[in-house]
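*Asks:* Residue numbers (the working numbering), protein chains in the order written: chain A, 87 to 419; chain B, 87 to 419.
Input: one structure, supplied below.
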């Protein structure tokens, strides 16, 4: 187990989106998020107290969590000095980056010399099977999106919160490093070997009680050419009974792909549903989750009303306005 | 790249089928297949000159390729003595077996002592990039299928052969172990980490002359729930200008998935094309490749005629009847 509380390391994050790991921890496990550490030029801010390593140590913080993901998942040389110093001052380090802490000789040496632990949550901890596609008991919801980093994890976490508030049996199933850091378990899907992707999701969401909901964190997008294969493995491995389509209305191109426009909600809905029905012919789309963080309340409500009117299923921003509508739809399945 | 020419190691193959890797090399890259090495009791024969290691060395052969798959994919103790001797005599060794050469201490030691290379084509040897989706110069064809193991590699190889016979610039691009051994290079896609799948295919098929064709070996199927993610990564990373849809009419369920029926050719055509157009809006379906190995000639021709009549594009079994029709369609793009 990773020791809490955390110092959220934001590094030299170029924008707020790059720090989504830190934001997720802060939003869903606020008790763990004791303070933040920002380097010169950092463009992200969790609104937590900025602390030096010495201040964090004095405040009883146990682990420095790398809360920023840069393209390619590399451990920047600019971060190294601080990470080594953190180990020397007695912090553990937890990371979900592709570039593993354990592959950096200076970090390994500093951890060993100071008796500290390096947690690479991205590394798969089990040998996943190849998917067998057999029908499983229990209900499963998968969040799919028009793009990456668009609110799929938040949607699943919001649905979990609302279902649990209603006394329903529900578990968020993490498929990315943020979700794993938040909940302490899951499949680091983007680091799984290609042949075992769908099998890892079958492993993550096994047979359960007939009325139990697995709320599966989505990844990528069927329309994001860098990661679409990961998305399809989730759709087929997850065998969802319901999809929720996630969208962010103000984004003008696919994340990291300036030449690519976002698909419409309707396109993602129809494409994802057709593919989902290969694994589960009874799958339906339950509703739409609209990420309105860049809209004022009036515009957000107007946009959501328009989506409902035009696309004919419940829509909401579950983080801003609650997941009630979505859970109403899921509870009827 | 694996150095050519090859000595095809047939070991103690119990039958011809066990030597299908060697057969593929001999069929598709006859210039690489300089000689064969057979142990006592070997039941396979490529019709090549049998050479001892010393003879092969004198003939300028560079690499011993393990052209036989035995039960369990294991490196037999009976083979070991010969493989070590080959390294000592200055050959590299290439293998697509599950049991990696690099996991055998005696082979590793002999390779190191003699400055030779062990090529385990089952595992990636390159750190692939994340796909960027940028438009590349040159033409690309991808074979997609209604199922796994349905003729996608043979289709691409047949098209390459026909294009080269017409003087067109064309290269088969291997994405699986057999294809890599046949051509000496490629991406072992099923062993690539999820996030880098599409990027590995961009890496495999970079910018080229405007009239050059990359003929990309397909993997899996969008409708095969175990491997569909791999297929979609190929569609988006490959950025194909043309798809050829491959089908085997006599198969009654998806390979390894007894509960799943095969999709129709039309379903695969439409689903794959819609997804391919995300990465390349100009992508078209060029035709259908029908694997008729389990049909007599009359039935095969009747089935192909029916596909053409009903689905409205050229169809053939390119291995049995030649790839002319498919290349006619591609050459017009």
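All C-beta atoms in this analysis are idealised placements derived from N, C-alpha and C, irrespective of residue type, glycine included.
Please list the residues of the segment 354-373 of chain A that have a C-beta atom closer than 8 angstroms to any C-beta atom in chain B, keeping them in chain order.
*Replies:* Taking 8 angstroms as the Cβ-Cβ cut-off against chain B, the residues of the segment 354-373 of chain A that qualify are 357, 360, 361, 364, 365.
*Asks:* Can you check whether the C-beta of residue 137 of chain B is within less than 9 angstroms of a C-beta belonging to chain A?
*Replies:* Within the second chain, residue 137 of chain B is the residue found at index 51, counting from 1. So no, residue 137 of chain B is outside the interface.
*Asks:* With DSSP collapsed to three states, give me the class of residue 321 of chain B.
*Replies:* The residue you call residue 321 of chain B lines up with position 235 of the second chain. Residue state, collapsed to three classes: helix.
*Asks:* When we look at the beta-carbon of residue 288 of chain A and count the other beta-carbons within 10 Å, is it buried (16 or more) or exposed?
*Replies:* Counting from 1 along the first chain, the entry for residue 288 of chain A is found at position 202. Residue 288 of chain A comes out buried.
*Asks:* Would you kindly report the start and end of the unbroken alpha helix (DSSP H) that includes residue 117 of chain A?
*Replies:* In the first chain, counting from the first residue as 1, residue 117 of chain A sits at position 31. Taken as a continuous stretch (DSSP letters only), residue 117 of chain A belongs to no alpha helix (DSSP H), as it is neither H nor E.
*Asks:* For the segment 171-237 of chain B, which segments carrying the alpha helix (DSSP H) assignment without a break, of at least 4 residues, lie completely within its bounds, in sequence order?
*Replies:* As far as the segment 171-237 of chain B is concerned, its whole alpha helix (DSSP H) runs of at least 4 residues are 191-200.
*Asks:* Since residue 227 of chain A meets chain B, which of its residues come closer than 8 angstroms, beta carbon to beta carbon?
*Replies:* In the first chain, counting from the first residue as 1, residue 227 of chain A sits at position 141. Those within 8 angstroms of residue 227 of chain A in chain B number zero; the least Cβ separation is about 18 angstroms.
*Asks:* Taking the beta strand (DSSP E) that residue 300 of chain B falls in, what are its first and last residues?
*Replies:* Position 214 of the second chain, counted from the start, is the residue given in the question as residue 300 of chain B. Per DSSP, residue 300 of chain B belongs to the beta strand (DSSP E) from 299-302.
*Asks:* When DSSP builds the beta bridges, which residues end up paired with residue 333 of chain B?
*Replies:* Stepping through the second chain from its first residue, residue 333 of chain B is reached at position 247. For residue 333 of chain B, which the question treats as bridged, DSSP gives the partners B:376.
*Asks:* Between the segment 395-414 of chain A and the segment 98-116 of chain B, do three or more beta carbon pairs fall short of 8 angstroms?
*Replies:* The segment 395-414 of chain A, when compared against the segment 98-116 of chain B, does not touch it at the 8 angstroms Cβ threshold.
*Asks:* Suppose you measure from the CA of residue 105 of chain B to the CA of residue 303 of chain B; what does that come to, to the nearest Å?
*Replies:* Position 19 of the second chain, counted from the start, is the residue given in the question as residue 105 of chain B. Position 217 of the second chain, counted from the start, is the residue given in the question as residue 303 of chain B. Cα to Cα, residue 105 of chain B sits roughly 21 angstroms from residue 303 of chain B.
*Asks:* Kindly say whether residue 345 of chain B, judged by its beta-carbon, lies nearer than 9 angstroms to any beta-carbon of chain A.
*Replies:* Numbered from its first residue, the second chain carries residue 345 of chain B at position 259. At least one chain A Cβ lies under 9 angstroms of residue 345 of chain B.
*Asks:* Express the C-alpha separation of residue 186 of chain B and residue 207 of chain A in angstroms, rounding to a whole number.
*Replies:* Position 121 of the first chain holds residue 207 of chain A. Position 100 of the second chain holds residue 186 of chain B. Approximately 27 angstroms, taken between the alpha carbons.
*Asks:* I'd like to know whether the C-beta of residue 275 of chain A is nearer than 9 angstroms to at least one C-beta of chain B.
*Replies:* Mapped onto the first chain, residue 275 of chain A falls at position 189. For residue 275 of chain A, the answer is yes, since a Cβ of chain B falls inside 9 angstroms of its Cβ.
*Asks:* On the premise that residue 241 of chain B lies in contact with residue 229 of chain B, defined as a C-beta separation below 8 angstroms, what is that separation, rounded to the nearest angstrom?
*Replies:* Along the second chain, one-based indexing puts residue 229 of chain B at 143. Along the second chain, one-based indexing puts residue 241 of chain B at 155. 5 angstroms between Cβ atoms; contact.
*Asks:* Are any of the Cβ atoms in chain B nearer than 9 angstroms to that of residue 152 of chain A?
*Replies:* As a position in the first chain, residue 152 of chain A is number 66, starting the count at 1. No - not a single Cβ of chain B is within 9 angstroms of the one on residue 152 of chain A.
*Asks:* Below 8 angstroms on C-beta distance, what does residue 284 of chain A contact in chain B?
*Replies:* The residue you call residue 284 of chain A lines up with position 198 of the first chain. Within chain B, the residues near residue 284 of chain A are 311, 312, 313, 314, 315.
*Asks:* Please say whether residue 361 of chain B and residue 399 of chain B have beta carbons closer to each other than 9 angstroms?
*Replies:* For the purposes of this step, residue 399 of chain B is identified with residue 313 of the second chain, where counting begins at 1. For the purposes of this step, residue 361 of chain B is identified with residue 275 of the second chain, where counting begins at 1. Their beta carbons are not under 9 angstroms apart, which means residue 399 of chain B does not touch residue 361 of chain B by this criterion.
*Asks:* Assess, as a yes-or-no matter, whether the segment 316-325 of chain A is touched by the segment 244-251 of chain A under the definition of 3 or more beta carbon pairs within less than 8 angstroms.
*Replies:* These segments do not touch.
*Asks:* Any beta carbon of chain A sitting closer than 9 angstroms to that of residue 200 of chain B?
*Replies:* On the second chain, residue 200 of chain B is found 114 positions in, with the first residue counted as 1. Cβ-Cβ to chain A under 9 angstroms: no for residue 200 of chain B.
*Asks:* Please report the distance separating the alpha-carbon of residue 143 of chain B from that of residue 311 of chain B.
*Replies:* Within the second chain, residue 143 of chain B is the residue found at index 57, counting from 1. Within the second chain, residue 311 of chain B is the residue found at index 225, counting from 1. Rounded to the nearest angstrom, the two C-alpha atoms are 46 angstroms apart.
*Asks:* Have a look at A:262, A:275, A:172, A:293 and flag the residue whose alpha-carbon is nearest the alpha-carbon of residue 148 of chain A.
*Replies:* What you label residue 148 of chain A is simply residue 62 of the first chain in a count that begins at 1. Residue 148 of chain A has its Cα closest to that of A:172, out of A:262, A:275, A:172, A:293.
*Asks:* Under the three-state reduction of DSSP, which class applies to residue 424 of chain A: helix, strand or coil?
*Replies:* Since the first and last residues shown for chain A are 87 and 419, residue 424 of chain A lies out of range.
*Asks:* Just the Cα atoms here: how many angstroms apart are residue 323 of chain A and residue 290 of chain A?
*Replies:* For the purposes of this step, residue 323 of chain A is taken as the residue at position 237 of the first chain. For the purposes of this step, residue 290 of chain A is taken as the residue at position 204 of the first chain. Using only the alpha carbons, I get a separation of about 9 angstroms.
*Asks:* Could you tell me which of A:357, A:197, A:377, A:353 sits nearest to residue 321 of chain A, measuring between CA atoms?
*Replies:* Within the first chain, the letter at position 235 stands for residue 321 of chain A. For residue 321 of chain A, the nearest C-alpha among the options comes from A:357.
*Asks:* By Cβ distance below 6 angstroms, which residues in the same chain neighbour residue 203 of chain B in space, the five residues on each side in sequence not counted?
*Replies:* Indexing the second chain from 1 puts residue 203 of chain B at position 117. Cβ neighbours of residue 203 of chain B beyond the five flanking positions: 178.
*Asks:* Considering Cα atoms alone, identify which of B:153, B:182, B:164 is closest to residue 434 of chain B.
*Replies:* Outside the displayed range of chain B (87 to 419) lies residue 434 of chain B, so it cannot be described from this structure.
*Asks:* For residue 161 of chain A versus residue 126 of chain A, is the C-beta spacing smaller than 9 angstroms?
*Replies:* Taking the first residue of the first chain as position 1, residue 161 of chain A is located at position 75. Taking the first residue of the first chain as position 1, residue 126 of chain A is located at position 40. No.
*Asks:* Are the CB atoms of residue 419 of chain A and residue 327 of chain A nearer to each other than 9 angstroms?
*Replies:* Stepping through the first chain from its first residue, residue 419 of chain A is reached at position 333. Stepping through the first chain from its first residue, residue 327 of chain A is reached at position 241. Yes. Within cutoff.
*Asks:* Along the chain, where does the alpha helix (DSSP H) that runs through residue 390 of chain A open and close?
*Replies:* Indexing the first chain from 1 puts residue 390 of chain A at position 304. Element bounds for residue 390 of chain A: 383-397.
*Asks:* According to DSSP, is residue 132 of chain A helix, strand or coil?
*Replies:* Here residue 132 of chain A refers to the residue found at position 46 when the first chain is read from its first residue. Residue 132 of chain A: coil per DSSP, three-state reduction.
*Asks:* Given that a residue counts as buried once 16 or more other Cβ atoms are within 10 Å of its Cβ, and exposed if not, what is residue 146 of chain A?
*Replies:* Looking up residue 146 of chain A in the first chain gives position 60. By the neighbour-count rule (16 or more Cβ atoms within 10 Å), residue 146 of chain A is not buried but exposed.
*Asks:* In its own chain, which residues sit with a C-beta less than 6 angstroms from the C-beta of residue 266 of chain A, not counting the 5 before and 5 after it?
*Replies:* For the purposes of this step, residue 266 of chain A is taken as residue 180 along the first chain, with counting starting at 1. So the list reads 207, 260, 272, once near-sequence residues are dropped.
*Asks:* Give the single residue among B:114, B:175, B:132 whose Cα lies nearest to the Cα of residue 138 of chain B.
*Replies:* The count along the second chain starts at 1 and reaches residue 138 of chain B at position 52. The option with the nearest alpha carbon to residue 138 of chain B is B:175.
*Asks:* How many Å lie between residue 212 of chain A and residue 282 of chain A at the Cα?
*Replies:* If you number the first chain from 1, residue 212 of chain A lands on position 126. If you number the first chain from 1, residue 282 of chain A lands on position 196. Taking the straight line joining both Cα atoms gives about 11 angstroms.
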